[in-house]
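The next block holds one structure in the form of structure tokens; read it before the comments.
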Amino acid sequence: MTFEKEFVVGRPREEMVADLDDDRTFAAFFPDTRVTRKSERVRETSTPFRALGQSRAIRFVFETLPDGNVRFEKICDGNVWRSLEGEVKLEERPQGRTRVVLRMDGRTRTFVPE
């Protein structure tokens, strides 16, 4: 699976970079998301959910690159996803605007009917 979405935001790139480096931004992605581990450029998030009567957590690792862009990867348990990774790229545009490019690539496990 490949996903790519582009859009323009009416805010300067430097503000967008600051927002992407704020734990509150990551915690706002989904209800009950929290930052569980953080170092200088890397943070891990956990989002609890319930499926088929079991409690689980979706975990992601986000790495802020030196240029302010963010690379991310899902910590996969193999139940559905084999891999899921992507990048949030911020490109400066005229008049204090920013082009945001979100790219994700992922592979699911092979589902074989029984």
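Residue numbering for the sequence shown follows our numbering, beginning at -8 and increasing consecutively. All C-beta atoms in this analysis are idealised placements derived from N, C-alpha and C, irrespective of residue type, glycine included. Source: prediction; values computed, not measured.
Inter-residue CB distance, residue i and residue j (contact presumed, cutoff 8 Å)
{"i": "residue 59", "j": "residue 81", "result": "6 Å"}
{"i": "residue 83", "j": "residue 4", "result": "4 Å"}
{"i": "residue 55", "j": "residue 11", "result": "7 Å"}
{"i": "residue 33", "j": "residue 14", "result": "Not confirmed; about 12 Å, so no contact."}
Straight-line gap, residue i to residue j (C-alpha atoms, nearest Å)
{"i": "residue 57", "j": "residue -2", "result": "22 Å"}
{"i": "residue 73", "j": "residue 52", "result": "15 Å"}
{"i": "residue 125", "j": "residue 43", "result": "The shown model of the chain, from -8 to 105, leaves out residue 125, and the question about it has no answer."}
{"i": "residue 87", "j": "residue 16", "result": "21 Å"}
{"i": "residue 66", "j": "residue -8", "result": "17 Å"}
{"i": "residue 0", "j": "residue 95", "result": "20 Å"}
{"i": "residue 68", "j": "residue 7", "result": "31 Å"}
{"i": "residue 71", "j": "residue 48", "result": "13 Å"}
{"i": "residue 93", "j": "residue 76", "result": "11 Å"}
{"i": "residue 62", "j": "residue 35", "result": "12 Å"}
Strand pairing of residue i, partner residues [DSSP]
{"i": "residue 7", "result": "For residue 7, which the question treats as bridged, DSSP gives no partner whatsoever."}
{"i": "residue 39", "result": "48"}
{"i": "residue 74", "result": "98"}
{"i": "residue -5", "result": "94"}
Residue i, enclosing alpha helix (DSSP H) - first and last residue
{"i": "residue 15", "result": "14 to 18"}
The beta strand (DSSP E) enclosing residue i, as first and last residue numbers
{"i": "residue 25", "result": "25 to 29"}
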